[in-house]
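K.L.:
Starting off with a structure, shown below.
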Amino acid sequence: MRLSLPQRYVQCLTAVRVKLHLNATARRCCSTVHGDVRVRFAPSPTGFLHLGGLRTALYNYIFAKKYGGSFILRLEDTDQSRLVPGAAESIEDMLEWAGIPPDESPRHGGSSGPYLQSQRLDLYRKTAQQLVESEHAYYCFCSPQRLDLLKKEALRSGQTPRYDNRCRHLKAHQVQEKLAQGVSHVIRFRLEEGVEPFQDMIFGWNHHEVAQVEGDPVVIKADGFPTYHLANIVDDHYMRISHVLRGSEWIISTSKHLLMYKALGWKPPTFGHLPLLLNKDGSKLSKRQGDIFIESFQRDGVLPEALLDITTNCGSGFNSNKIGRRIDELISEFNPSKITTHSALLDLEKLPEFNRIHLQHRIEDEEQCRLLIKDLREQIQLAYSAEIQDEDILHEDRIRQVLHLRKGHISSLKDLVSPSYSYMWVRPSFSSQQVAALTTEAQHIASLVLKLISEQDEKLSMDRLNKDLKALAKQTKTTKYREVMKLLRLVLSGLQQGPSVAEMMVSLGPAEISHRFQKLLLPLGTN
Ligand code: GLU
Numbered sequence: 009m010r011l012s013l014p015q016r017y018v019q020c021l022t023a024v025r026v027k028l029h030l031n032a033t034a035r036r037c038c039s040t041v042h043g044d045v046r047v048r049f050a051p052s053p054t055g056f057l058h059l060g061g062l063r064t065a066l067y068n069y070i071f072a073k074k075y076g077g078s079f080i081l082r083l084e085d086t087d088q089s090r091l092v093p094g095a096a097e098s099i100e101d102m103l104e105w106a107g108i109p110p111d112e113s114p115r116h117g118g119s120s121g122p123y124l125q126s127q128r129l130d131l132y133r134k135t136a137q138q139l140v141e142s143e144h145a146y147y148c149f150c151s152p153q154r155l156d157l158l159k160k161e162a163l164r165s166g167q168t169p170r171y172d173n174r175c176r177h178l179k180a181h182q183v184q185e186k187l188a189q190g191v192s193h194v195i196r197f198r199l200e201e202g203v204e205p206f207q208d209m210i211f212g213w214n215h216h217e218v219a220q221v222e223g224d225p226v227v228i229k230a231d232g233f234p235t236y237h238l239a240n241i242v243d244d245h246y247m248r249i250s251h252v253l254r255g256s257e258w259i260i261s262t263s264k265h266l267l268m269y270k271a272l273g274w275k276p277p278t279f280g281h282l283p284l285l286l287n288k289d290g291s292k293l294s295k296r297q298g299d300i301f302i303e304s305f306q307r308d309g310v311l312p313e314a315l316l317d318i319t320t321n322c323g324s325g326f327n328s329n330k331i332g333r334r335i336d337e338l339i340s341e342f343n344p345s346k347i348t349t350h351s352a353l354l355d356l357e358k359l360p361e362f363n364r365i366h367l368q369h370r371i372e373d374e375e376q377c378r379l380l381i382k383d384l385r386e387q388i389q390l391a392y393s394a395e396i397q398d399e400d401i402l403h404e405d406r407i408r409q410v411l412h413l414r415k416g417h418i419s420s421l422k423d424l425v426s427p428s429y430s431y432m433w434v435r436p437s438f439s440s441q442q443v444a445a446l447t448t449e450a451q452h453i454a455s456l457v458l459k460l461i462s463e464q465d466e467k468l469s470m471d472r473l474n475k476d477l478k479a480l481a482k483q484t485k486t487t488k489y490r491e492v493m494k495l496l497r498l499v500l501s502g503l504q505q506g507p508s509v510a511e512m513m514v515s516l517g518p519a520e521i522s523h524r525f526q527k528l529l530l531p532l533g534t535n
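This is the structure in structure tokens:
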């Protein structure tokens, strides 16, 4: 049985008692970052990018930018049986969409490429060979059947399955013989006792006696591909990674990695393990729901900056928490010594609020606003193409005005395409019975509106309209101001509720308002 990572994590935590010695001085280690900063995000393309991955990438990105370093994307695709078609391209697309593009990547290349592990196999084989020659690794010829039996026996006696290191003890001539016979084999790393503690940037002093709980791990599989552990450290070394910032589920692997660095005589990078990202109630973010994938946020009209903002807001690493930070502010306000060991609790119900604030920022930026106008126009055409009676309604200036009037009220462009805003693009329709049922008072009010509109400037002013509408209501004999507004809103939008009548009028413009009121008077020949 193959245990999932979190299962293995919990199992190891309980089996070994990971020794975490947190102390205040230890945690200061990241307050000064020296040298050439190179960090990496190293996902496996066995799935699409989700919020947990985005957060790891983001902390790496802001760390790199804060210290003038490079952010590298490396795809760990050595488990060929679990590759998901399209995931590799999509991960890079999503980082670009999110506004945290890598400086070096499979797509853009760089000085330490290739950035796909499947294209670096020679390097892993060469390193494994080096380990075999220095007797830090050995060939293992145990059959899958034997390993299976070991596992079953361990489980039956209530123990954690582990390899019994049998092939460690093969004589050189036995190894040569089996190799010559072409017996299928793997290469295993010899785990030594006496692991040295390491200082994690976030969790402080840490130590995991890995040899006491695990059998010697495979570093090269029977198919010649490396396992995660070998490929990961080889790449971090050759890509000159200075800091490894990754999820805390990897903290128990770090001692193993450090043993490998030592065996190879390499200087390890500094490690920092990011606390888990969980739902607000402390439960695990579920990838199965499909709604934590970045592509699904993108499809739903979520702005990347809102996603980055909410992800950092629920976590730590900043001197203060405030909503509305953009990437440059995230970089300047980032303080790695403020990253705590507590899990980050993500409240996705707050996402519309984050989106509302960031949408407002975009509307207020002329260049971004132009893009929003284009996007919104396309969405409207798609949703209402056949029903739009007057193309002027989609004029750039008009859409800009609508965006400025509604900023702070809408949390997504999609809101403006929803039924409650359809009146902006499509004239409400009234049946002839509805029109015939209008009282003479209502007809009178309609004609007053037409007059009022004819006296306004081409560009309507909300203040002036508010005053004029109050005066108009006074001219009616029996109807109260509220009732008049209700009638006007109905004629303008077909709705009982919505923005103020003056705002509706400003967003529709004089020609469209007249059209909507005239339609009511036409059957009576008033026009
Ligand atoms: N490929 C690993 C993952 O998908 C990378 C872990 C690490 O950053 O070392 O999480």
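Quick note, the sequence shown lines up with residues 9 to 535 if you use this note's numbering. Yeah, the Cβ is synthetic: ideal placement off N, Cα and C, and Gly gets one too. In this text the structure is predicted, and so the values were computed from the model without any measurement.
(1) Out of curiosity, what's the CA-to-CA distance linking His144 and Ala271?
(2) Which residues mark the beginning and the end of the beta strand (DSSP E) in which Trp105 is found?
(3) Please report how far the alpha carbon of Ile331 lies from the alpha carbon of Asp423, in whole angstroms.
(4) Using 10 angstroms around the beta-carbon of Thr33, count the other beta-carbons present and answer buried if the total reaches 16, otherwise exposed.
(5) Within the present structure, is the beta-carbon of Ser52 separated from the nearest heavy atom of the ligand GLU by less than 6 angstroms?
(6) Determine the direct distance from the alpha carbon of Tyr489 to that of Lys346, and round the result to whole angstroms.
(7) I need the boundaries of the beta strand (DSSP E) containing Cys148, first residue and last residue.
(8) Under 7 angstroms between C-beta atoms, does Leu411 make it to chain D?
(9) Could you give the residue range of the beta strand (DSSP E) that holds Gln207?
(10) At which residues does the beta strand (DSSP E) containing Ala479 begin and terminate?
(11) Give the range of the alpha helix (DSSP H) segment to which Leu500 is assigned.
(12) Please list the terminal residues of the continuous alpha helix (DSSP H) segment that includes Ser462.
(13) Using C-beta distances below 7 angstroms, list every residue in its chain close to Leu163, excluding the 5 sequence neighbours before and after it, in chain order.
(14) Which whole-angstrom value is the C-beta distance of Leu199 and Glu222, which I expect to be below 8 angstroms?
(15) Assign Lys73 to buried or exposed, taking buried as 16 or more other Cβ atoms, counted over all protein chains shown, within 10 Å of its Cβ.
(16) For Trp213, which three-state DSSP category applies?
(17) Compare the C-alpha of Ala454 against each of Asp44, His350, Phe301, Lys494 and name the closest.
(18) Candidates Glu161, Ile195, Glu185: which alpha carbon is nearest Arg176's?
(19) Going by beta carbon distance, what residues of the same chain come within less than 7 angstroms of Lys527, once the five residues before and after it are set aside?
(20) Is it true that the CB of Ala95 sits closer than 7 angstroms to the CB of Pro312?
(21) With DSSP as the reference, please indicate the residues paired to Ile80 in a beta bridge.
(22) Check whether the Cβ of Glu466 lies closer than 6 angstroms to any heavy atom of the ligand GLU, and answer yes or no.
(23) I'd like to know whether the C-beta atoms of Phe525 and Leu458 end up nearer to each other than 7 angstroms.
(24) Who does Phe233 pair with in a DSSP beta bridge?
(25) Assuming the contact rule is C-beta atoms closer than 8 angstroms, Leu66 and Thr320 should be a hit. Round their C-beta distance to whole Å, please.
(26) By DSSP's criteria, His251 is part of a beta bridge. Which residues make up the other side?
(27) Leaving out the 5 sequence neighbours to the left and right, which residues in its chain are closer than 6 angstroms to Leu317 when beta-carbon positions are compared?
(28) Based on Cα-Cα distance, which residue from Lys475, Asp224, Leu456 lies nearest to Ser522?
(29) Hey, would you say Thr86 sits closer than 7 angstroms to Gly255, going by beta carbons?
(30) Is any heavy atom of the ligand GLU found at a distance shorter than 6 angstroms from the C-beta of Glu84?
(31) How far does the beta strand (DSSP E) with Ile1 in it extend, from its first residue to its last?
(32) Can Asn240 be considered in contact with the ligand GLU, in the sense that its beta carbon sits closer than 6 angstroms to one or more heavy atoms?
(33) Answer with buried or exposed for Gly232, where buried requires no fewer than 16 other C-beta atoms within 10 angstroms of its C-beta.
(34) Around the C-beta of Ala479, are 16 or more other C-beta atoms found within 10 angstroms, so that it is buried, or is it exposed?
(35) Please confirm whether His281 and Ile210 have their CB atoms less than 7 angstroms apart.
(36) Please state whether DSSP places Lys292 in a helix, a strand or coil.
P.N.:
So, from the data block:
(1) Taking the first residue of the sequence shown as 1, we reach residue 144 at position 136. Taking the first residue of the sequence shown as 1, we reach residue 271 at position 263. Cα-Cα distance, rounded: 6 angstroms.
(2) For the purposes of this step, residue 105 is taken as residue 97 along the sequence shown, with counting starting at 1. Run containing Trp105: none in the beta strand (DSSP E); it sits in the alpha helix (DSSP H), 95–106.
(3) As a position in the sequence shown, residue 331 is number 323, starting the count at 1. As a position in the sequence shown, residue 423 is number 415, starting the count at 1. Between Ile331 and Asp423, the alpha-carbon positions lie close to 21 angstroms from each other.
(4) Indexing the sequence shown from 1 puts residue 33 at position 25. Note on Thr33: pLDDT 38, under 50, position unreliable in the model; the coordinate value appears next. Its Cβ having fewer than 16 others within 10 Å, Thr33 is exposed.
(5) For the purposes of this step, residue 52 is identified with residue 44 of the sequence shown, where counting begins at 1. Yes; taking the cut-off as 6 angstroms, the Cβ of Ser52 has a heavy atom of the ligand GLU nearer than that.
(6) Reading the sequence shown from its first residue, position 338 is the one you call residue 346. Reading the sequence shown from its first residue, position 481 is the one you call residue 489. Going by the C-alpha atoms only, they are around 56 angstroms apart.
(7) The residue you call residue 148 lines up with position 140 of the sequence shown. Looking at the DSSP string, the run of the beta strand (DSSP E) that includes Cys148 is 145–148.
(8) Absent here is chain D; the protein component of the structure consists of one chain.
(9) As a working note, residue 207 is residue 199 in the sequence shown. Residues 206–208.
(10) For the purposes of this step, residue 479 is taken as the residue at position 471 of the sequence shown. Run containing Ala479: none in the beta strand (DSSP E); it sits in the alpha helix (DSSP H), 470–483.
(11) Against the sequence shown, residue 500 aligns to sequence position 492. From DSSP, the alpha helix (DSSP H) with Leu500 extends over 489–501.
(12) Translated into the one-based positions of the sequence shown, residue 462 becomes position 454. Its alpha helix (DSSP H) spans residues 448–462.
(13) The sequence position of residue 163 within the sequence shown is 155, counting from 1. The residues are Pro169.
(14) Locating residue 199 in the sequence shown gives position 191, counting from the first residue. Locating residue 222 in the sequence shown gives position 214, counting from the first residue. 6 angstroms between Cβ atoms; contact.
(15) Here residue 73 refers to the residue found at position 65 of the sequence shown. Here Lys73 is buried, its C-beta having at least 16 other C-beta atoms within 10 Å.
(16) Residue numbering aside, residue 213 sits at position 205 when the sequence shown is read from its first letter. It is a strand residue.
(17) The residue given as residue 454 occupies position 446 in the sequence shown. Closest by alpha carbon: Lys494.
(18) Residue mapping note: residue 176 aligns to position 168 of the sequence shown, counting from 1. Of Glu161, Ile195, Glu185, the residue nearest in Cα terms is Ile195.
(19) Counted from its first residue, the sequence shown places residue 527 at position 519. Answer for Lys527: no residue qualifies.
(20) Taking the sequence shown and counting its residues from 1, the one referred to as residue 312 is at position 304. Taking the sequence shown and counting its residues from 1, the one referred to as residue 95 is at position 87. No, these two residues do not count as a Cβ contact at 7 angstroms.
(21) Residue 80 sits at position 72 when you count from the first residue of the sequence shown. For Ile80, which the question treats as bridged, DSSP gives the partners Arg48, Glu112.
(22) As a position in the sequence shown, residue 466 is number 458, starting the count at 1. Not under cutoff, so the answer is no.
(23) For the purposes of this step, residue 525 is taken as the residue at position 517 of the sequence shown. For the purposes of this step, residue 458 is taken as the residue at position 450 of the sequence shown. In this structure, Phe525 places its C-beta atom within 7 angstroms of the C-beta atom of Leu458.
(24) Counting from 1 along the sequence shown, the entry for residue 233 is found at position 225. DSSP output for Phe233 lists no bridge partner at all.
(25) Translated into the one-based positions of the sequence shown, residue 66 becomes position 58. Translated into the one-based positions of the sequence shown, residue 320 becomes position 312. About 7 angstroms; that satisfies the 8 angstroms criterion.
(26) By 1-based counting over the sequence shown, the position of residue 251 is 243. BP columns for His251 point to Val47, Thr278.
(27) Stepping through the sequence shown from its first residue, residue 317 is reached at position 309. The sequence given here has Asp at residue 317, not Leu. Answer for Asp317: Arg333, Phe362, listed in chain order.
(28) As a working mapping, residue 522 is identified with position 514 in the sequence shown. Residue Leu456 is the option with its Cα nearest to Ser522.
(29) Sequence index remark: in the sequence shown, residue 86 carries index 78 (1-based). Sequence index remark: in the sequence shown, residue 255 carries index 247 (1-based). Not closer than 7 angstroms, so no.
(30) Position 76 of the sequence shown, counting from 1, holds the residue named residue 84. Under cutoff, so the answer is yes.
(31) This structure cannot speak to residue 1, because the chain is shown only from 9 to 535.
(32) Translated into positions along the sequence shown, residue 240 becomes position 232. Result yes, Cβ under 6 angstroms from the ligand GLU.
(33) Along the sequence shown, read from residue 1 onward, the residue named residue 232 stands at position 224. So Gly232 ends up on the exposed side.
(34) What you label residue 479 is simply residue 471 of the sequence shown in a count that begins at 1. Ala479 should be labelled exposed.
(35) The sequence position of residue 281 within the sequence shown is 273, counting from 1. The sequence position of residue 210 within the sequence shown is 202, counting from 1. Their beta carbons are under 7 angstroms apart, which means His281 touches Ile210 by this criterion.
(36) Translated into the one-based positions of the sequence shown, residue 292 becomes position 284. DSSP places Lys292 in strand when its eight states are reduced to three.
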